[in-house]
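Enquirer: Residue 0 is where the sequence shown starts when you use numbering that gives the first Met the number 0, and the numbers rise one by one after that.
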Amino acid sequence: MGLTLLAVVAVALLMALNRLDEAPLPDHEATMPVTPALVAQGEYLARAGNCMSCHTRQGGPAFAGGRAIETPFGAVYASNLTPDDATGLGQWSAAQFWRAMHNGRARDGRLLYPAFPYASYTRITRADSDAIYAYLRSLPAVRQQNRPHALGFPFNTQWALGVWRALFFRPATFAPQDTQPAEWNRGAYLVQGLGHCAACHTPRNALGALRADAPFHGGLIPVQNWYAPALNSEREAGVATWPIADVVALLKTGVAPQAGVSGPMAEVVFRSLQYLSDAD
Numbered sequence: 000m001g002l003t004l005l006a007v008v009a010v011a012l013l014m015a016l017n018r019l020d021e022a023p024l025p026d027h028e029a030t031m032p033v034t035p036a037l038v039a040q041g042e043y044l045a046r047a048g049n050c051m052s053c054h055t056r057q058g059g060p061a062f063a064g065g066r067a068i069e070t071p072f073g074a075v076y077a078s079n080l081t082p083d084d085a086t087g088l089g090q091w092s093a094a095q096f097w098r099a100m101h102n103g104r105a106r107d108g109r110l111l112y113p114a115f116p117y118a119s120y121t122r123i124t125r126a127d128s129d130a131i132y133a134y135l136r137s138l139p140a141v142r143q144q145n146r147p148h149a150l151g152f153p154f155n156t157q158w159a160l161g162v163w164r165a166l167f168f169r170p171a172t173f174a175p176q177d178t179q180p181a182e183w184n185r186g187a188y189l190v191q192g193l194g195h196c197a198a199c200h201t202p203r204n205a206l207g208a209l210r211a212d213a214p215f216h217g218g219l220i221p222v223q224n225w226y227a228p229a230l231n232s233e234r235e236a237g238v239a240t241w242p243i244a245d246v247v248a249l250l251k252t253g254v255a256p257q258a259g260v261s262g263p264m265a266e267v268v269f270r271s272l273q274y275l276s277d278a279d
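1) So the beta strand (DSSP E) ALA227 belongs to, where does it begin and stop?
2) Taking only the alpha-carbon atoms, compute the straight-line gap between PRO221 and ASP83 and give it to the nearest angstrom.
3) Using only alpha-carbon positions, find the residue among LEU166, PRO153, ALA140 that is nearest to ALA118.
4) What span of residues does the beta strand (DSSP E) with THR252 cover, start to end?
5) Give the DSSP bridge partners of ALA149, in chain order.
6) Hey, would you say GLY217 sits closer than 8 Å to GLU233, going by beta carbons?
7) Do the stretch 193-201 and the stretch 151-167 meet, that is, are 3 or more Cβ pairs less than 8 Å apart?
8) Can you tell me whether ARG164 is buried or exposed, with buried defined as 16 or more other CB within 10 angstroms of its CB?
9) Between the stretch 205-212 and the stretch 46-64, do three or more beta carbon pairs fall short of 8 Å?
10) Over what stretch of residues does the alpha helix (DSSP H) that includes LEU166 continue unbroken?
11) For LEU249, is the classification buried or exposed, using 16 other Cβ atoms within 10 angstroms of its Cβ as the cut-off for buried?
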């Protein structure tokens, strides 16, 4: 009896931790007014988040998914983000898309694997999520089935993922610092949220979670064996001590007086960072 009660309590706690800050979906969602300006904003934000890189397989249709994200636990295949009704986001509401971004939960209620960096995206605003949703809905629909993930047991189970999330994920909201200027807070919002810079530049523990005690201290990108240097150490990338103009040059062109980018970072510059405004 005691073990049964303990198991019930553990399951209840696990379920509660996986539904923190998760509002019920509305029964009837009002139609979101979509304007050209909103779609353009969404395109810009999707560029900032580098969505295309993961959600487009080599030689495949843009945003139609199919690219393998290799992890130490197996391959996670990126999903189809085009508005196809059968295989993409065509049946998704803006609220369901926001729940995926903020809570890491799919339209059908499944927990999403953190190869999709919702641990960072959770910090973006609902308004920015809605803009990205509007942009993705404006794309040509591509009928391309999502590939099943190739993960070994127990990593292919929702229970294992639920335990991982209970240990390492909490929905968050970006909190501007009153002591910092608006420019600094905008940069922090992009770095911590859509830019998901920590996904590569922060080390991970044995279970693949970002180490909260070592933000931007450099990390080995899983499986690729490519080291993303520390951003706060002069002995590595050291951009914290660079003139801002040099940091902007590196992010926009991949080249600065102090260094140049290569490997995975070159793709980030090519597909994402070069399109950011000078202010961002």
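A virtual CB, placed ideally from N, CA and C, is assigned to each residue, including glycine.
Expert: This is what the structure holds:
1) 225-227
2) 31 Å
3) LEU166
4) DSSP places THR252 in no beta strand (DSSP E) but in the uninterrupted alpha helix (DSSP H) bounded by 243-252.
5) ALA74
6) Not in contact: GLY217 and GLU233 (Cβ atoms no closer than 8 Å).
7) no
8) buried
9) no
10) 157-167
11) Using a 10 angstroms sphere on the CB of LEU249, the tally of other CB atoms reaches 16 or more, which defines it as buried.
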